[in-house]
Every structure is written in structure tokens, then in C-alpha cells.
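The structure appears below as C-alpha cells.
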Amino acid sequence: MPLFPETPPLQTGYLEDQDGHSVFWETFGNTTKPALLLLHGGPGSGIAPRMPRLFDPTRWHIVAMDQRGSGRSRPHAGDSLTALKANTTDHLIHDIERLRQHLGLSDWTLYGSSWGATLAQAYAHAHPVRVSAMILAAVTTSSRFEDDNLYGYAGHFLPEAFERFQAGAPDAAPGASMAAAYGDLLTCGDPERERAAAEAWCAWEAAVLQVDPRAETPRSFTDPRFALGFARVVTHYFRHLAWLDPPLLDRTEALASIPSVLINSRQDLSTPLSIAWRLHRAWPKSELVVIPGALHGTLYGPLSDAVIDAGNRLATKQGV
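Residue numbering for the sequence shown follows my numbering, beginning at 656 and increasing consecutively.
Structure, rendered in C-alpha cells:
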């Protein structure tokens, strides 16, 4: 199923500077239709140019934002450590709500992939009446189990790549948080050590996402500024388990009345299906779509098809 045609943005701008951050946003599609907010992954990856094309611009008012420290938001974590200050999940939730108010929207559908799925849930917990529906792909909740899986257990399936990943943080104690160990390296003040740590972190991320120890690093990871910024933001969040206490899976009551579609690959090492399954079991108005294979990226292949289909079906249910 092809992506929808590329369309120019209707509006672009920055939210008024707050806490030293200027958050970039843009809109696409039809302003007379229901609003849909795109929440990117990482954290720290920024909105991919193809991401808005997952949704029909004739049926949705599509809103995108680059989260603090990433994309076109300022400052960028690849340029300055100040991008990590006042940068927590609660700050992102506040930015989302500021953007909704700035655009004059009463509510919106949320789309989040990977980390974006965590952020969508966290926002819905804080502002449930502002969420009309949700589409979550490569479903995460940023729990301790997921952190241990991605930066530990997954190494059993990718021993060659994991050995290189461990070698990138040689001072990490056995059983210690790899996010914390790498986070210290990425902010140590030595540009060469920071660059090497960013390369090693992104190489592991690429290997897990492609479930192949021979994986080539995605093109974005070869950009030194992107790689450093991405790795800094990811480790900043994950060493703190995204400041989500109690864990999202332990407090699903606020989501109960929100229609949702949960999409996950069966063998995705990065986001184990058990997370989407547990969330689905606790979420009465959720639908679970399981895709064969191990894909994690949602901009191509059957995961992309499932997201497009979910967007079309939700648009129909909303009468557009």
C-alpha cells in the first residue's frame, strides 16, 4: 500500500520559547477535518519527512511537532547539552497541550510509533478528554522490562552486535544500565569520546531494528549531529525510565474509553509483542493488529500498510 502523496505544509512555526526550548511544529492536510497529531520515536529522532504521508491529507488535519532537543526544535541535542535541560516526559506533555491550545483544537487523534506510543499514552493519561482516538505502532511503555530487553536480553539474538555495543562502554559494571553508562560518555565533554559513543549506540539501535548483526547503519545515523543528538536524548530518557512512575501498564484506567488500534510485529526485538498484548488486554476499546515478521519501522512494508489502514478506518468512524 503506497504512502499518500507528499503535500506542502499548511503552516509552520515555533511554540513560544519556554524553559529555553523553542518547539517546531507544522500542519498538513485539511483544516476542516479531524485533527491528528504525529508523535515521533526515539526519543530524539524528530519527524521523518515521510511520516505525514501515512495519513490521507483530504481526511485529516495533520499536526507534527519535533520534540525538545530533536529535529528542527531548538536547541538541538547534537549541538548543545542545554537541550537536555528541562527535557522530560512531563515537559513534552506540556508542549503537546500548548500546541493544541495554540492551534485552537478541542481534541485530536494521536499517532505514535515506538517511543511515540509511550508519549501518546502519557499525554492521554494527563489529558484524556483531549484524545478522541489513538493509533499506536511498535508499541512501547518505556518500562524497566523493555529497557532490560532492548539493551540486554536482545543481545542473546545478536551476540556479535551486542559485544560491540558493550565494548563501547567498557567501564559499565555488569548488570548496570547501558543507557546510564552511555549517557555519561555522551556528555563527558570530550568530543571524540562523545562521537565514538554516539556511533556505537546508533550501530546497536540499527542492528536491533533490523534484527541482523550485519545491519548497515540507517542513513540518518551516519549524520554525526543527528547521531549525537539522538543518542543523547535516548539515554537521557531511558536512564530515568522516562520518569514514568507508576509504569503505564499499571495504570490503564484513564485510557479505557478511548478507541485505539495497537499495531506490532510478532518478532520485533525492539518492542516485544507482549507489551502490546498486555495493553490490549487491559484496554477495552483497543484493537490489536499483529504483523508477521520482525519489522519495527512504520514507513515501509506491512507495518506501514497497517498504519494507513487504521488511519482510514478511524477517519471513516469519525465521519470523514
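Yeah, the Cβ is synthetic: ideal placement off N, Cα and C, and Gly gets one too.
Remember, it's a predicted structure, so these values are computed and weren't measured experimentally.
Beta-ladder partner(s) of residue i, from DSSP
i: V718; result: T682 and L692
i: M789; result: L765 and S915
i: R729; result: S677
i: T920; result: At residue 920 the sequence reads Ser, which differs from the Thr that was named. DSSP, once it has assigned bridges, lists I946 as partnering S920.
Local Cβ density within 10 Å of residue i, reported as buried at 16 or more and exposed below that
i: P698; result: buried
i: R708; result: buried
i: Q722; result: buried
i: Y955; result: exposed
i: F659; result: buried
i: E661; result: exposed
i: M706; result: buried
i: V657; result: The displayed chain sequence assigns Pro, not Val, to residue 657. P657 comes out exposed.
i: E849; result: buried
i: T687; result: exposed
i: D711; result: buried
i: R874; result: exposed
i: S912; result: exposed
i: A822; result: exposed
i: R729; result: buried
i: A831; result: exposed
i: S761; result: exposed
i: G844; result: exposed
i: G726; result: buried
i: G701; result: buried
i: H731; result: buried
i: A970; result: buried
i: G948; result: exposed
Residues of its chain near residue i, where Cβ-Cβ distance is below 7 Å and the 5 sequence neighbours each way are ignored
i: R755; result: W763 and R785
i: P914; result: A788 and K940
i: R933; result: L904
i: G675; result: T737, K740 and A741
i: E681; result: P664, Q666, T667 and A719
i: V975; result: K688, P689 and R714
i: L747; result: Q722, R723 and L774
i: F876; result: C857, A861 and A882
Cutoff 6 Å; reference residue i; Cβ partners in own chain excluding five residues on either side
i: A772; result: L791, V794 and T795
i: A870; result: Reliability of the predicted coordinates at A870 is poor, the pLDDT of 49 falling under 50, and the value obtained from them is presented with this limitation in mind. A861 and A862, listed in sequence order.
i: A809; result: V863 and L924
i: T744; result: A777, A897 and W898
i: Y806; result: M833
i: I751; result: Y778
i: V916; result: I790, E942 and A965
i: A937; result: T907
Delimiting residues of the alpha helix (DSSP H) encompassing residue i
i: E671; result: Premise fails: E671 is in no alpha helix (DSSP H) and is neither H nor E.
i: N742; result: Unbroken run through N742: none, as it is neither H nor E.
i: S959; result: G956 to K972
i: S929; result: L928 to A937
i: P846; result: P846 to Q865
i: L774; result: W770 to A781
i: G1046; result: No statement about residue 1046 is possible, as the shown extent of the chain runs from 656 to 975 and does not include it.
i: L709; result: No alpha helix (DSSP H) contains L709, which DSSP labels as neither H nor E.
i: M833; result: M833 to L841
i: E815; result: P814 to A822
i: E801; result: R799 to L805
Close Cβ partners of residue i (< 8 Å) along its chain, the five nearest in sequence each way excluded
i: E801; result: T795, T926, P927 and I930
i: D734; result: R880 and G884
i: T713; result: G684, N685 and K688
i: D839; result: none
Host beta strand (DSSP E) of residue i (start-end)
i: L943; result: S941 to I946
Please confirm if the segment 913-927 is in contact with the segment 886-905, defined as three or more CB-CB distances below 8 Å between the two stretches. no
On the three-pair Cβ rule with 8 Å, is the segment 684-702 touching the segment 718-734? yes
If we count Cβ pairs, one from each stretch, closer than 8 Å, do we get three or more for the segment 957-967 versus the segment 825-841? Contact between the segment 957-967 and the segment 825-841 is absent, because fewer than three Cβ pairs lie under 8 Å.
Is there contact here, the segment 963-973 with the segment 662-670, by at least three beta-carbon pairs under 8 Å? No, the segment 963-973 does not touch the segment 662-670.
Between the segment 774-781 and the segment 821-830, do three or more beta carbon pairs fall short of 8 Å? no
Contact between the segment 851-860 and the segment 878-890 (3+ Cβ pairs under 8 Å): Cβ pair count under 8 Å is three or more, so yes.
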